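Enquirer:
Structure, rendered in structure tokens:
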């Protein structure tokens, strides 16, 4: 069992990103919000040939900055690896990230965002209209709720704005990647603060795991 | 700070009061705005003048500072909330006093999308600029738009989306208008955080509006052009 001290801390993943020490011929260039999950998958599957570099997760607050940040990171690292994979979904870039990756000859994770690929893109799409009024949290977002939701929306200073932001939502769906009662309690607290009903949905790593497995086992 | 607390709105002359209302709007002080509106009404100002000179004037400053990165969404929302307080008082009076009407707009957030902050801001600023606005709310399939267009016969159709996954639906609505031979009957304006001018052009909208202030100016330009064409 990996000790918590070996995991990058959430605040660093949000603002600075992450660089694994491991040497590999493949680089996973990922969002900081996925670092712990990818490290867990690497450890459990022995994917030592894949190194991990993460960009700051907080880029998601300004999705228009993601594409350029990923492009620059690809350019920076591509000499050092045989292959780079981008562990982002579209993530609010409106197809621009996919276009950039295609132009650079780099593959990325399929799907509109992590809520979708954690649940499995097909399953998520199938829920479609039934979940128009759902607000999603992943494990990372449950831990970093204040940094990603509460503070950027100014709710720490102006709680009276809450219903202007969330008045049309009906429930918070906590997509649990791991079983952790503390995280579930935290996510439930987020729902209470937002004035929403709470639903916990265990997803595991979903399409993230299958995608990484496919990349890890692909012949060069 | 103590100076500000000592200000008694009713003791200010008109110019000072309007100036103070600009500040109060900027600071999102709803009760002060409501008080200012009531004072100006008591002094015989027309509802239309209060709306345009005090509220819209103040909100324009907020809009500029938002555009320039000085203010952020929470502050704009507080200001909008304060303006809404003033508008609630003025709206019934505007109807009674027959304020000038620039044009009419049907506006709604597209199917699959429940975000309405931007849409609501646009609605409010459009009303402030003299447009009649029919807001059909959130999560609208194309049928809702068509029905509202037929019923309301507006000059403008406004569509809003916050998500990259829902913004393509704007094209569904526009394509349907084209198919039904209705596209040229309306000015179609689109907006929302992930959109840009290129997207607006690609889906066949008349214009993409970056923010509420731009929406108002764009709407005015298009409506006056339409009226000129009709007159010509």
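Chains as they are written, first to last, in my numbering: chain A, 1061 to 1280; chain B, 127 to 358. Every residue, glycine too, gets a C-beta built ideally from N, C-alpha and C. Model, not experiment: these values are computed from the prediction.
Would you kindly work out how many angstroms separate the C-alpha atoms of residue 167 of chain B and residue 190 of chain B, rounded to a whole number?
Expert: So the alpha carbons of these two residues sit roughly 27 Å apart.
Enquirer: Taking only runs that begin and end inside the segment 1170-1223 of chain A, name each unbroken alpha helix (DSSP H) of 4 or more residues, in chain order.
Expert: Whole alpha helix (DSSP H) segments, 4+ residues: 1174-1179, 1181-1187, 1199-1203.
Enquirer: What are the residues that DSSP puts in a beta bridge with residue 1235 of chain A?
Expert: For residue 1235 of chain A, which the question treats as bridged, DSSP gives the partners A:1261.
Enquirer: So residue 346 of chain B packs on residue 255 of chain B, CB below 8 Å; how close in whole Å?
Expert: With a Cβ gap of about 7 Å, residue 346 of chain B and residue 255 of chain B count as contacting.
Enquirer: So, helix, strand or coil for residue 101 of chain B, using DSSP?
Expert: Since the first residue of chain B shown is 127 and the last is 358, residue 101 of chain B is not available in this structure.
Enquirer: Taking only runs that begin and end inside the segment 230-301 of chain B, name each unbroken beta strand (DSSP E) of 3 or more residues, in chain order.
Expert: The qualifying runs are 257-261, 282-286.
Enquirer: Compare the C-beta of residue 277 of chain B against all C-beta atoms of chain A and say whether one is closer than 7 Å.
Expert: No, residue 277 of chain B lies away from the interface with chain A (no Cβ there is under 7 Å from its Cβ).
Enquirer: State yes or no: is the beta carbon of residue 1224 of chain A nearer than 7 Å to at least one beta carbon in chain B?
Expert: So yes, residue 1224 of chain A belongs to the interface.
Enquirer: Consult DSSP for residue 1250 of chain A and reduce its assignment to one of helix, strand or coil.
Expert: Helix.
Enquirer: According to DSSP, is residue 1089 of chain A part of a helix, a strand, or is it coil?
Expert: In the structure shown, residue 1089 of chain A sits in a strand (DSSP, three-state: E or B).
Enquirer: DSSP state of residue 1154 of chain A, grouped into three classes?
Expert: Coil at residue 1154 of chain A, not helix or strand.
Enquirer: Is residue 1277 of chain A helix, strand or coil when you go by DSSP?
Expert: Correct three-state label for residue 1277 of chain A: helix.
Enquirer: Can you name the residues of chain A whose CB is closer than 9 Å to the CB of residue 265 of chain B?
Expert: The answer, in chain order, is 1189, 1192, 1193, 1228.
Enquirer: I want to verify the contact list: residues of chain B whose CB lies under 7 Å from the CB of residue 1218 of chain A, in sequence order.
Expert: Those are 200, 204, listed as they occur along chain B.
Enquirer: Could you tell me which residues DSSP puts in a beta bridge with residue 1145 of chain A?
Expert: Beta-bridge pairing links residue 1145 of chain A to A:1088, A:1167.
Enquirer: Within a Cβ cutoff of 6 Å, which residues of the same chain sit near residue 1262 of chain A, ignoring the five residues on either side of it in sequence?
Expert: 1236, listed in sequence order.
Enquirer: Looking only at C-alpha atoms, which of A:1130, A:1273, A:1077, A:1228 sits nearest to residue 1255 of chain A?
Expert: Of the listed residues, the one whose Cα sits closest to residue 1255 of chain A is A:1228.
Enquirer: If you reduce the DSSP assignment to three classes, tell me which class residue 1106 of chain A lands in.
Expert: Here residue 1106 of chain A sits in coil by DSSP.
Enquirer: Does the beta carbon of residue 329 of chain B sit closer than 7 Å to a beta carbon anywhere in chain A?
Expert: It does not; no Cβ of chain A falls within 7 Å.
Enquirer: Beta-carbon within less than 7 Å of residue 1109 of chain A's beta-carbon, same chain only, minus the 5 sequence neighbours each way: which residues are those?
Expert: Hits under 7 Å: 1084, 1085, 1086.
Enquirer: Report all residues from its chain with a CB closer than 6 Å to the CB of residue 150 of chain B; omit the five preceding and five following residues, and keep chain order.
Expert: Here the set comprises 158, 159.
Enquirer: Identify every run of the alpha helix (DSSP H) within the segment 168-233 of chain B, keeping only runs that are complete inside it and at least 4 residues long; order them along the chain.
Expert: Counting whole runs of 4 or more residues, the segment 168-233 of chain B contains the alpha helix (DSSP H) stretches 183-193, 199-223.
Enquirer: Nearest chain B C-beta to residue 1156 of chain A closer than 7 Å, yes or no?
Expert: Answer no: the Cβ-Cβ gap between residue 1156 of chain A and chain B never drops below 7 Å.
Enquirer: Count the C-beta pairs between the segment 291-302 of chain B and the segment 262-272 of chain B that are closer than 8 Å, then say yes if the count reaches three, no if not.
Expert: Touching, yes, given that three or more Cβ pairs across the two stretches are closer than 8 Å.
Enquirer: Using C-beta distances below 7 Å, list every residue in its chain close to residue 1119 of chain A, excluding the 5 sequence neighbours before and after it, in chain order.
Expert: Closer than 7 Å at Cβ, skipping near neighbours: 1125, 1126, 1129.
Enquirer: By the 10 Å Cβ neighbour count, where 16 or more other Cβ atoms means buried, how is residue 1241 of chain A classified, buried or exposed?
Expert: Exposed, because fewer than 16 other Cβ atoms sit within 10 Å of the Cβ of residue 1241 of chain A.
Enquirer: Would residue 238 of chain B count as contacting chain A if we go by Cβ distances under 7 Å?
Expert: Taking Cβ atoms only, chain A reaches closer than 7 Å to residue 238 of chain B, which makes this a yes.
Enquirer: List, in chain order, every chain A residue whose beta-carbon is nearer than 8 Å to that of residue 223 of chain B.
Expert: The premise fails here: residue 223 of chain B is roughly 30 Å from chain A at the closest Cβ pair, so nothing lies under 8 Å.
Enquirer: Could you check if residue 196 of chain B is buried or exposed, using at least 16 other CB atoms within 10 Å of its CB as the buried criterion?
Expert: With fewer than 16 other Cβ atoms within 10 Å, it is exposed.
Enquirer: Hey, could you find the ends of the beta strand (DSSP E) residue 313 of chain B is sitting in?
Expert: It spans 313-317 - the beta strand (DSSP E) in which residue 313 of chain B sits, taken as one unbroken run.
Enquirer: Taking only beta-carbon atoms, is residue 280 of chain B less than 7 Å away from chain A?
Expert: With 7 Å as the cut-off, residue 280 of chain B does not count as an interface residue toward chain A.
Enquirer: In angstroms with no decimal places, state the Cα-to-Cα distance between residue 139 of chain B and residue 1148 of chain A.
Expert: When rounded, the distance between both Cα atoms is 58 Å.
Enquirer: So, for residue 225 of chain B: in the same chain, excluding its five sequence neighbours on each side, which residues have a beta-carbon less than 6 Å away from its beta-carbon?
Expert: The residues are 174.
Enquirer: Would you mind stating whether residue 1094 of chain A and residue 1113 of chain A have Cβ atoms separated by less than 7 Å?
Expert: No, they are not a contact pair.
Enquirer: For residue 1114 of chain A, which beta-bridge partners are listed by DSSP?
Expert: Its beta-bridge partners are A:1078, A:1090.
Enquirer: State whether the segment 228-248 of chain B contacts the segment 281-290 of chain B, with contact taken as three or more CB pairs (one from each stretch) at a distance under 8 Å.
Expert: Cβ pair count under 8 Å is three or more, so yes.
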